[in-house]
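S.K.:
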Amino acid sequence: MTEPQAIQPSAPSAVPSPDRTLAAPVENAPALEMRGITKRYPGVIANDHIDLEVRPGEIHALLGENGAGKSTLMNILYGLAVPDEGEILLDGVPVTISGPSDAIERGISMVHQHFMLVPVLSVAENILLGEETMANAIFLDRSEARRRIRELGARFGFEIDPDAPVGSLSVGWQQRVEILKALYRKARILVLDEPTAVLTPQETEEIFAVLRRLADEGHSVIFISHKLYEVLAVADRITVIRRGRVVGSRTPAETNEEDLAELMVGREVQLTVDRGESHPGEPAFTVEDLHVQDDRGHEAVRGVTLEVRAGEIFGIAGVAGNGQDELVEAITGLRKPKQGRVTLGGRDVTGSGPRKLGAAGLAYVPGDRHRFGLVLSFPLQDNLVLTSYHKSPFARGLVRDDQACEDWANRSIAEYDIRTPSCDVPAGTLSGGNQQKAVVAREFSRDLKALVLDQPTRGLDVGSIEFIHRQALAKRDAGTAILLVSAELDEILELSDRIAVMYRGELVAVVDGRTANREEIGLLMATGRREESKSPIGAEV
Amino acid sequence: MEQLFQTLYGIPLLGLVFQLGGYLVDRLPSIAPIVLGLAAPIALGALCGVMNERSGVVNIGIEGIMLIAAFVAFVAGAFAADAFPAEGSDVFGVTPALLIGVAAAVISAMLVSLLHAWLSISIRADQIISGTIINIAALGLTGYLNRLIISANPRAGAGTFKSFNPPDALVDLPIIGWVLNMFLDQGPIAMIVIVLVIVLQIMLFRSRWGLRTRAVGEHPKAADTVGIDVIALRYRNVIIGGAFAGLAGAYLTLEATSSFQNGMTSGRGFIALAAVIFGRWTPIGSFGAALMFTAAEALGVAIRFRPPDGDLAALGDVMTAIPNQVYGALPYIITIIILAGVVGRSIPPAAVGQPYYKESRA
Numbered sequence: 001m002t003e004p005q006a007i008q009p010s011a012p013s014a015v016p017s018p019d020r021t022l023a024a025p026v027e028n029a030p031a032l033e034m035r036g037i038t039k040r041y042p043g044v045i046a047n048d049h050i051d052l053e054v055r056p057g058e059i060h061a062l063l064g065e066n067g068a069g070k071s072t073l074m075n076i077l078y079g080l081a082v083p084d085e086g087e088i089l090l091d092g093v094p095v096t097i098s099g100p101s102d103a104i105e106r107g108i109s110m111v112h113q114h115f116m117l118v119p120v121l122s123v124a125e126n127i128l129l130g131e132e133t134m135a136n137a138i139f140l141d142r143s144e145a146r147r148r149i150r151e152l153g154a155r156f157g158f159e160i161d162p163d164a165p166v167g168s169l170s171v172g173w174q175q176r177v178e179i180l181k182a183l184y185r186k187a188r189i190l191v192l193d194e195p196t197a198v199l200t201p202q203e204t205e206e207i208f209a210v211l212r213r214l215a216d217e218g219h220s221v222i223f224i225s226h227k228l229y230e231v232l233a234v235a236d237r238i239t240v241i242r243r244g245r246v247v248g249s250r251t252p253a254e255t256n257e258e259d260l261a262e263l264m265v266g267r268e269v270q271l272t273v274d275r276g277e278s279h280p281g282e283p284a285f286t287v288e289d290l291h292v293q294d295d296r297g298h299e300a301v302r303g304v305t306l307e308v309r310a311g312e313i314f315g316i317a318g319v320a321g322n323g324q325d326e327l328v329e330a331i332t333g334l335r336k337p338k339q340g341r342v343t344l345g346g347r348d349v350t351g352s353g354p355r356k357l358g359a360a361g362l363a364y365v366p367g368d369r370h371r372f373g374l375v376l377s378f379p380l381q382d383n384l385v386l387t388s389y390h391k392s393p394f395a396r397g398l399v400r401d402d403q404a405c406e407d408w409a410n411r412s413i414a415e416y417d418i419r420t421p422s423c424d425v426p427a428g429t430l431s432g433g434n435q436q437k438a439v440v441a442r443e444f445s446r447d448l449k450a451l452v453l454d455q456p457t458r459g460l461d462v463g464s465i466e467f468i469h470r471q472a473l474a475k476r477d478a479g480t481a482i483l484l485v486s487a488e489l490d491e492i493l494e495l496s497d498r499i500a501v502m503y504r505g506e507l508v509a510v511v512d513g514r515t516a517n518r519e520e521i522g523l524l525m526a527t528g529r530r531e532e533s534k535s536p537i538g539a540e541v
Numbered sequence: 542m543e544q545l546f547q548t549l550y551g552i553p554l555l556g557l558v559f560q561l562g563g564y565l566v567d568r569l570p571s572i573a574p575i576v577l578g579l580a581a582p583i584a585l586g587a588l589c590g591v592m593n594e595r596s597g598v599v600n601i602g603i604e605g606i607m608l609i610a611a612f613v614a615f616v617a618g619a620f621a622a623d624a625f626p627a628e629g630s631d632v633f634g635v636t637p638a639l640l641i642g643v644a645a646a647v648i649s650a651m652l653v654s655l656l657h658a659w660l661s662i663s664i665r666a667d668q669i670i671s672g673t674i675i676n677i678a679a680l681g682l683t684g685y686l687n688r689l690i691i692s693a694n695p696r697a698g699a700g701t702f703k704s705f706n707p708p709d710a711l712v713d714l715p716i717i718g719w720v721l722n723m724f725l726d727q728g729p730i731a732m733i734v735i736v737l738v739i740v741l742q743i744m745l746f747r748s749r750w751g752l753r754t755r756a757v758g759e760h761p762k763a764a765d766t767v768g769i770d771v772i773a774l775r776y777r778n779v780i781i782g783g784a785f786a787g788l789a790g791a792y793l794t795l796e797a798t799s800s801f802q803n804g805m806t807s808g809r810g811f812i813a814l815a816a817v818i819f820g821r822w823t824p825i826g827s828f829g830a831a832l833m834f835t836a837a838e839a840l841g842v843a844i845r846f847r848p849p850d851g852d853l854a855a856l857g858d859v860m861t862a863i864p865n866q867v868y869g870a871l872p873y874i875i876t877i878i879i880l881a882g883v884v885g886r887s888i889p890p891a892a893v894g895q896p897y898y899k900e901s902r903a
């Protein structure tokens with residue numbers, strides 16, 4: 001095994017650039033040092049004198065809530081934003097990074113949260129793109145590229161088929177393609193932005209193994225996350241950012257989840273809301289043998305049967321794209337089921353439209369608040385009556401009662417702690433957490449029998465998540481039947497009284513929410529079975 | 542053998558199908574060169590479409606670009622013919638005037654494409670509207686200039702390129718002879734089409750340019766993050782694509798005919814777009830689609846001049862009973878059927894028609 005070059009600060013690459021040809025790397029310098037980085041946007045200081053130091057062979061976690069300034073810092077590192085103050089040093093040498101291609105050339109690669117992969121192109125084509133291995137001036141050297149990709153994969157512990165179309169790979173494998181893409185470009189510093197957001201626990205473990213191997217080979221990894229236990233599990237060092245400032249730096253040995261959460265949020269946070277006892281009553285909401293087709297006419301939901309009792313939270317876990325969207329759409333009246341029956345409070349409501357369902361006592365917090373939850377360009381107060389504007393007191397005959405709407409909006413804003421300058425600003429100007437609170441306020445204040453929550457906290461900060469979870473539990477205690485669909489396993493585990501796992505359009509298992517085991521559910525999510533099986537395209541080496 | 546056909550042809554109704562088959566096999570060699578000639582401008586237009594759409598730009602202005610190029614080719618050729626009168630060369634009948642006409646057509650088409658590129662890439666205007674503007678402007682502008690320049694002072698123009706006459710030894714080869722004849726009994730522009738199609742096919746799937754083009758058409762942001770200049774690549778593709786549409790225009794006035802008529806592209810640019818879709822955004826596929834469209838047209842011509850007779854008299858009666866306009870309409874009918882999505886599902890590049898906003902460095 002030859003020692004990879006990456007451990008040594010590598011020699012200047014072929015393209016000359018003043019600071020790389022003139023200054024020699026400093027001995028024992030950190031691979032990356034960011035000093036006093038400050039970035040102001042109108043009205044906000046996104047980064048306020050941030051210092052960050054990453055050593056070769058280190059996995060460095062950057063922890064912070066959404067909007068804390070992690071992304072701005074990484075955009076500066078990747079040349080997408082120009083800092084107002086401060087400097088960046090690579091191997092002890094000050095540099096100016098002019099853009100992504102410059103960053104890549106200097107050995108910095110970024111794996112974006114939303115993968116930057118072209119689904120219809122093959123693994124090899126995606127990896128080659130922008131950094132093509134050429135047979136001559138015009139044509140690609142595809143066999144050489146395949147060989148190098150296989151070799152790289154083997155070095156980091158997995159086998160990958162360079163000719164497989166990326167769109168056919170699971171998310172976990174797509175992530176490996178992103179990492180290979182970085183390594184193919186000889187990245188020494190690898191930035192991963194929320195890499196585990198879309199992965200099952202098993203896939204997360206596998207990616208962590210890959211990251212550790214990278215670190216062992218002398219690469220530096222910057223791992224951006226807001227998941228505390230993951231950061232503790234994989235990082236060598238943790239830097240916490242809050243409101244644009246570094247508020248602490250820890251090693252996993254000297255900290256714990258509570259400590260990190262407090263640093264991150266700035267106050268004590270209850271990480272898991274105490275869900276208390278639930279007192280399930282009669283079945284309030286049932287689905288029998290439901291079959292639903294997706295837009296392409298494939299059967300996405302294949303015979304789902306479930307029953308949610310009043311005063312219970314029924315969680316559906318599953319990797320995104322296993323039919324959850326179609327199931328939720330069929331239940332909430334947005335999509336006609338092909339077969340099956342849905343009842344609400346004992347009445348058959350199969351195929352009823354959203355308004356009829358709403359009148360029957362069903363509320364729905366959609367997974368995509370931008371597309372389905374809110375009309376972003378409408379004022380907040382209009383959004384708060386979107387599902388009830390046609391009824392008294394908001395409508396008097398054909399005329400809308402503006403005063404009633406406004407009073408209602410102000411009451412909701414106070415009750416649900418929606419931070420907004422007024423109820424007249426467009427909903428789109430609020431932060432994600434406050435937008436979601438608005439949706440929750442609107443839906444939760446209806447006369448409810450049953451509630452469908454689809455990814456209710458996706459992309460929200462810890463504080464908002466805590467708030468929404470509390471509200472959901474309060475509704476449960478008030479006797480509402482709640483169906484919770486989420487790809488976020490923690491959320492399912494925290495709230496659900498019973499948990500079903502959805503896999504390829506079917507519910508493959510229902511387990512008790514209080515005794516459920518994280519690994520078991522993860523495995524069910526990934527394979528639909530309880531025992532270990534082979535990965536879809538390549539075996540672990 | 543003869544007997545077998547006689548029997549098959551004699552079957553009531555079903556026999557007509559066999560007769561049609563027999564007729565096609567019999568006539569195909571003689572209409573094949575016509576089919577390719579008719580397909581040439583459509584295939585060139587389709588190459589323009591592939592270049593545009595593979596990089597994420599919708600161009601429905603191909604029709605207009607072609608028409609402008611046809612006009613410019615004729616006028617430039619006519620003036621050049623006055624300035625440099627010359628005898629045509631032995632092969633293809635090339636004269637300086639013809640070459641100047643072709644060059645002018647290509648350049649004018651690239652300029653109009655530049656306008657489309659600017660509107661749809663930099664200004665981020667609606668690309669359908671930009672294309673429509675080009676089509677309408679082309680029709681009006683060429684019609685007006687036609688009256689102003691050509692009708693007012695009729696001139697012969699630069700004439701046409703001549704077809705190459707392949708040696709009889711080649712044409713008479715069994716089985717492949719007629720295929721060779723199809724590709725060789727052509728003028729220079731029609732002959733080069735097949736070369737362009739193959740080159741572009743290979744480039745698109747094997748070269749660096751092709752990989753980047755496909756990536757930009759599918760997921761421009763992904764391409765941008767690995768340092769590819771999305772805007773520049775789109776400009777380049779739209780403008781080079783325009784050159785193909787320019788060649789198509791030159792073919793119409795310098796190779797197929799020697800004159801310019803108002804609106805003479807008569808929908809070929811739109812059929813080219815249908816060919817792109819039918820050919821699933823590949824050069825070879827769209828070329829095949831173009832051939833299929835024009836085969837229907839050529840069939841109409843063949844039926845008019847040599848209707849089925851002899852053994853095939855029954856078929857001939859049926860065919861001649863159908864008004865000739867129906868055959869003329871065939872390519873358009875096929876186009877409608879294809880655009881309505883009857884022939885399988887054809888998936889366009891994901892980012893087609895979407896302007897790219899580069900994240901500004903702030």
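The listed protein sequences derive, respectively, from chains A and B.
For what it's worth, the working numbering labels the leading residue of the first sequence as 1, then goes sequentially.
For what it's worth, the working numbering labels the leading residue of the second sequence as 542, then goes sequentially.
Don't be surprised by glycine CBs; every beta carbon is placed ideally from N, CA and C.
(1) Please check if any C-beta of chain B sits within less than 8 Å of the C-beta of SER17(A).
(2) If we cut at 8 Å on Cβ distances, does GLY130(A) have a partner in chain B?
(3) Which residues mark the beginning and the end of the beta strand (DSSP E) in which MET34(A) is found?
(4) Which residues in chain A sit within 7 Å of LYS762(B), going by Cβ to Cβ distance?
(5) Under DSSP, the alpha helix (DSSP H) around THR835(B) begins and ends at which residues?
(6) Using 7 Å as the cut-off, classify the Cβ of PHE115(A) as near or not near the heavy atoms of the ligand FMN, replying yes or no.
(7) Quick one: using the 10 Å Cβ neighbour count with 16 as the cut-off for buried, is SER671(B) buried or exposed?
(8) May I ask you to list, following chain order, the residues of the segment 743-777 of chain B that have a beta carbon less than 8 Å from some beta carbon of chain A?
(9) Mind pulling the alpha helix (DSSP H) runs of 4 or more residues that sit fully within the segment 94-138 of chain A?
(10) Measuring CA to CA, which of GLY578(B), LYS899(B), ASN778(B), ALA610(B) is closest to LYS703(B)?
(11) Kindly list the residues whose CB is nearer than 6 Å to the CB of GLY978(B), restricted to its own chain and excluding five residues on each side of it in sequence; keep chain order.
(12) Work out the CA separation of VAL93(A) and LEU199(A) for me, nearest whole Å.
(13) Which residues does DSSP list as the beta-bridge partners of TYR364(A)?
(14) Is the segment 353-368 of chain A in contact with the segment 329-339 of chain A, if contact means three or more CB pairs nearer than 8 Å?
(15) TYR229(A) lies in the beta strand (DSSP E); which residues open and close that run?
(16) Here's the rule I'm using: 16 or more other beta-carbon atoms within 10 Å means buried, otherwise exposed. How should VAL425(A) be labelled?
(17) List the DSSP bridge partners of PRO165(A).
(18) Just checking my contact of ALA725(B) with PHE746(B) at CB under 8 Å: how many whole Å lie between their CB atoms?
(19) Have a look at GLY107(A) and VAL54(A) and give me their C-alpha separation to the nearest angstrom.
(20) Look at the alpha carbon of ASP51(A) and the alpha carbon of ALA310(A), and state the distance between them as a whole number of angstroms.
(21) Please name the residue in THR480(A), GLY36(A), GLY432(A) whose C-alpha comes closest to that of LEU460(A).
(22) Once DSSP output is grouped into helix, strand and coil, what is the label at THR701(B)?
(23) From the DSSP output, read off the bridge partner residues of ASN47(A).
(24) Would you say LEU169(A) faces chain B, with C-beta separation under 8 Å as the test?
(25) For PHE559(B), which residues in the same chain have their Cβ closer than 8 Å to its Cβ, ignoring the five residues on either side in sequence?
(26) If you drop the 5 nearest sequence neighbours on each side, which residues of the same chain put their C-beta closer than 6 Å to that of PRO34(A)?
(27) When the distance is taken between beta carbons, is VAL44(A) closer than 8 Å to ASP91(A)?
(28) When you compare the CB of MET134(A) with every CB in chain B, is at least one pair closer than 8 Å?
(29) What distance in whole Å lies between the Cβ atoms of LYS181(A) and ASN126(A), which are believed to be in contact at a cut-off of 8 Å?
(30) Could you name the residues that DSSP lists as bridge partners for GLN293(A)?
(31) For PRO162(A), collect the residues of the same chain with a Cβ closer than 6 Å to its Cβ; drop the 5 residues on either side in sequence, then sort them by chain order.
(32) Can you tell me whether THR876(B) is buried or exposed? The criterion is at least 16 other CB atoms within 10 Å of its CB, across all chains shown.
(33) Nearest by alpha-carbon distance to VAL653(B): which of TYR776(B), ASP713(B), SER827(B) is it?
(34) Find out if the Cβ-Cβ distance for the pair ALA427(A), ALA414(A) is shorter than 8 Å.
(35) How many angstroms separate the CA atom of PRO570(B) from the CA atom of ASP713(B)?
(36) Report the partner residues of ILE88(A) according to the DSSP bridge assignment.
M.R.: Taking the definition as stated:
(1) Locating residue 17(A) in the first sequence gives position 17, counting from the first residue. Caution applies to SER17(A), whose pLDDT of 43 falls short of 50 and renders its modelled position unreliable; the value that the coordinates give is listed next. By this cut-off, SER17(A) is not an interface position.
(2) The count along the first sequence starts at 1 and reaches residue 130(A) at position 130. Judged by the 8 Å Cβ criterion, GLY130(A) is in contact with chain B.
(3) Locating residue 34(A) in the first sequence gives position 34, counting from the first residue. Here the beta strand (DSSP E) through MET34(A) covers 32-41.
(4) Stepping through the second sequence from its first residue, residue 762(B) is reached at position 221. Under the 7 Å cutoff, chain A gives MET116.
(5) The residue given as residue 835(B) occupies position 294 in the second sequence. Judged by DSSP secondary structure, THR835(B) falls within the alpha helix (DSSP H) whose first and last residues are 824-846.
(6) With respect to small molecules bound, the structure shown includes none, and the ligand FMN cannot be examined in it.
(7) In the second sequence, counting from the first residue as 1, residue 671(B) sits at position 130. Buried.
(8) MET744, ARG747, SER748, ARG749, TRP750, LEU752, ARG753, ARG755, ALA756, GLU759, HIS760, LYS762, ALA763, ALA764, ASP765, THR766, VAL767, GLY768, ILE769
(9) You should have 100-105, 123-128.
(10) Within the second sequence, numbered from 1, the residue matching residue 703(B) stands at position 162. When each option's Cα is compared against that of LYS703(B), the closest is GLY578(B).
(11) The structure shown does not extend to residue 978(B), since chain B is modelled only from 542 to 903, so the question has no answer here.
(12) For the purposes of this step, residue 199(A) is identified with residue 199 of the first sequence, where counting begins at 1. For the purposes of this step, residue 93(A) is identified with residue 93 of the first sequence, where counting begins at 1. So the alpha carbons of these two residues sit roughly 37 Å apart.
(13) As a working mapping, residue 364(A) is identified with position 364 in the first sequence. VAL452(A).
(14) yes
(15) The count along the first sequence starts at 1 and reaches residue 229(A) at position 229. Segment 228-234 is the alpha helix (DSSP H) holding TYR229(A); no beta strand (DSSP E) there.
(16) Here residue 425(A) corresponds to residue number 425 of the first sequence, with the count starting at 1. So VAL425(A) ends up on the exposed side.
(17) Taking the first residue of the first sequence as 1, we reach residue 165(A) at position 165. Beta-bridge partners of PRO165(A) (DSSP): SER122(A).
(18) Counting from 1 along the second sequence, the entry for residue 725(B) is found at position 184. Counting from 1 along the second sequence, the entry for residue 746(B) is found at position 205. It is Leu, not Ala, that sits at residue 725(B) in the sequence shown. With a Cβ gap of about 27 Å, LEU725(B) and PHE746(B) do not count as contacting.
(19) Within the first sequence, numbered from 1, the residue matching residue 107(A) stands at position 107. Within the first sequence, numbered from 1, the residue matching residue 54(A) stands at position 54. If I take the Cα positions, the gap works out to 14 Å.
(20) For the purposes of this step, residue 51(A) is taken as residue 51 along the first sequence, with counting starting at 1. For the purposes of this step, residue 310(A) is taken as residue 310 along the first sequence, with counting starting at 1. Spanning the two alpha carbons is a distance of roughly 52 Å.
(21) Taking the first residue of the first sequence as position 1, residue 460(A) is located at position 460. Checked all of THR480(A), GLY36(A), GLY432(A); the closest Cα to LEU460(A) is GLY432(A).
(22) Numbered from its first residue, the second sequence carries residue 701(B) at position 160. The DSSP-derived three-state label of THR701(B) is coil.
(23) Counting from 1 along the first sequence, the entry for residue 47(A) is found at position 47. LYS39(A).
(24) In the first sequence, residue 169(A) corresponds to position 169, counting from 1. Not one chain B Cβ lies under 8 Å of LEU169(A).
(25) Indexing the second sequence from 1 puts residue 559(B) at position 18. So the list reads PHE546, LEU549, TYR550, ILE552, once near-sequence residues are dropped.
(26) Working through the first sequence from its first residue, we reach residue 34(A) at position 34. The identity of residue 34(A) in the sequence shown is Met, whereas the question assumes Pro. Closer than 6 Å at Cβ, skipping near neighbours: LEU52, ILE88.
(27) On the first sequence, position 91 is the one that residue 91(A) refers to. On the first sequence, position 44 is the one that residue 44(A) refers to. It is not a contact, given that the beta carbons lie outside the stated cut-off.
(28) In the first sequence, the residue the question calls residue 134(A) occupies position 134. So yes, MET134(A) belongs to the interface.
(29) Locating residue 126(A) in the first sequence gives position 126, where the first residue counts as 1. Locating residue 181(A) in the first sequence gives position 181, where the first residue counts as 1. 7 Å between Cβ atoms; contact.
(30) Against the first sequence, residue 293(A) aligns to sequence position 293. Answer by DSSP bridge pairing, in chain order: GLU299(A).
(31) The sequence position of residue 162(A) within the first sequence is 162, counting from 1. For PRO162(A), where only same-chain residues beyond five positions count, the Cβ hits under 6 Å are VAL123, ALA124, ARG146, ILE149.
(32) One-based indexing of the second sequence puts residue 876(B) at position 335. Flag for THR876(B) reads buried.
(33) The sequence position of residue 653(B) within the second sequence is 112, counting from 1. Among TYR776(B), ASP713(B), SER827(B), the Cα nearest to that of VAL653(B) is on TYR776(B).
(34) For this step, residue 427(A) is matched to residue 427 along the first sequence. For this step, residue 414(A) is matched to residue 414 along the first sequence. Their beta carbons are not under 8 Å apart, which means ALA427(A) does not touch ALA414(A) by this criterion.
(35) Looking up residue 570(B) in the second sequence gives position 29. Looking up residue 713(B) in the second sequence gives position 172. One C-alpha to the other measures close to 11 Å.
(36) For the purposes of this step, residue 88(A) is taken as the residue at position 88 of the first sequence. For ILE88(A), which the question treats as bridged, DSSP gives the partners MET34(A), VAL95(A).
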